[in-house]
Amino acid sequence: MLEIRDLRAGVSGKEILRGIDLTIASGEVHAVMGPNGSGKSTLSHVLMGRPGYEVLGGTVTLNGRDILALEPWQRAEAGLFLALQYPTEVPGVSVVNFLRTAYKNVKGEEISALAFRKHMKEKMNLIGVEDAMVQRYVNQGFSGGEKKKNEVLQLAVLEPEIAVLDETDSGLDIDSLKAVATGVAQLIGPSLGVLLITHYQRILDYITPDFVHVMVDGRIVKSGGKELAHEL
134 MLEIRDLRAG VSGKEILRGI DLTIASGEVH AVMGPNGSGK STLSHVLMGR
184 PGYEVLGGTV TLNGRDILAL EPWQRAEAGL FLALQYPTEV PGVSVVNFLR
234 TAYKNVKGEE ISALAFRKHM KEKMNLIGVE DAMVQRYVNQ GFSGGEKKKN
284 EVLQLAVLEP EIAVLDETDS GLDIDSLKAV ATGVAQLIGP SLGVLLITHY
334 QRILDYITPD FVHVMVDGRI VKSGGKELAH EL
């Protein structure tokens, strides 16, 4: 369970998050919506420990463990995952090698190439990723949809407890959006909690949230069920 209590944070001396309270249990999908500049992406950066963001107050715990005291890689080990809004290219490193290295580090255990490929292939089949994609260098020459699909594959392979999806639908045409969102929907289950950050209601046509929260000026000003998204 991810518990956020009175979280205040900012960057370059400017306070952006002004007291966020949110609890996400395994098996729950929470959508956070709101206008540009409301602090949605800042929340994702602070949760994952991106350098440059300063926590000014409050607490964030994952299963009772203070994750604000951890380095980003330790947060990943603890079961937190962030799908980036703007995934980075990693020239010279294939997707399959990147994923195997990430898996070994997050899980803290060795895995043979054969065993890992079997695990990865099961996830690829589940979310509809073709073999050719994992042989390419990470995000190099990828379309916007392929980059986001690669983020979903990372989520599938690493099997975190809490996934933060930062505007996964951003910049996607309707076909790419459907493919990416359907992949995410395949992974939702009792062992995964999801914080879905989005501007748009359209991704919620494929991923049904249990709760919707509206963020304005660094605060959650309204919470409700999935019907709240249609009021925005």
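Going by this note's numbering, the first residue of the sequence shown is number 134, and it counts up by one from there.
Where a beta carbon is used, it is the ideal one built from N, C-alpha and C, also for glycine.
Looking only at C-alpha atoms, which of G191, P205, G170, G277 sits nearest to G185?
-> The shortest C-alpha separation from G185 is found at P205.
What residue does the beta strand (DSSP E) around G191 start on, and which one ends it?
-> Where G191 is concerned, the enclosing beta strand (DSSP E) starts and stops at 186-195.
May I have the straight-line CA-CA distance separating I137 from I336, to the nearest angstrom?
-> 24 angstroms
Are A209 and V239 closer than 7 angstroms when you measure CB to CB?
-> yes
Chain D contact for L305 (CB, 7 angstroms cutoff) = Among the chains in the structure shown there is no chain D, since it carries only a single protein chain.
With distances taken from CA atoms, which of D154, S159, V179, V162 is nearest A142?
-> V179
Does the stretch 256-271 come within contact of the stretch 316-325, defined as at least 3 CB pairs closer than 8 angstroms?
-> The stretch 256-271 makes contact with the stretch 316-325; the number of CB pairs closer than 8 angstroms reaches 3 or more.
Counting along the chain, where does the beta strand (DSSP E) carrying G357 start and finish?
-> 352-357
In angstroms with no decimal places, state the Cα-to-Cα distance between M166 and G351.
-> M166 and G351 have their C-alpha atoms roughly 12 angstroms apart.
Decide if the stretch 289-309 is in contact with the stretch 209-226; the criterion is three or more beta carbon pairs, one per stretch, under 8 angstroms apart.
-> yes
DSSP three-state call for F249: helix, strand or coil?
-> helix
If you compare alpha carbons, which of V354, V349, I353, G358 is closest to T341?
-> Of the candidates V354, V349, I353, G358, the one whose C-alpha sits nearest the C-alpha of T341 is G358.
Taking only the alpha-carbon atoms, compute the straight-line gap between M181 and G146 and give it to the nearest angstrom.
-> 19 angstroms
Taking the continuous beta strand (DSSP E) assigned at H163, which residues delimit it?
-> From DSSP, the beta strand (DSSP E) with H163 extends over 162-166.
Could you spell out where the alpha helix (DSSP H) holding R208 opens and where it closes?
-> 205-211
DSSP-derived helix/strand/coil call for V267 = Residue state, collapsed to three classes: helix.
State the start and end residues of the unbroken beta strand (DSSP E) segment that holds A296.
-> 295-299
So, helix, strand or coil for G274, using DSSP?
-> coil
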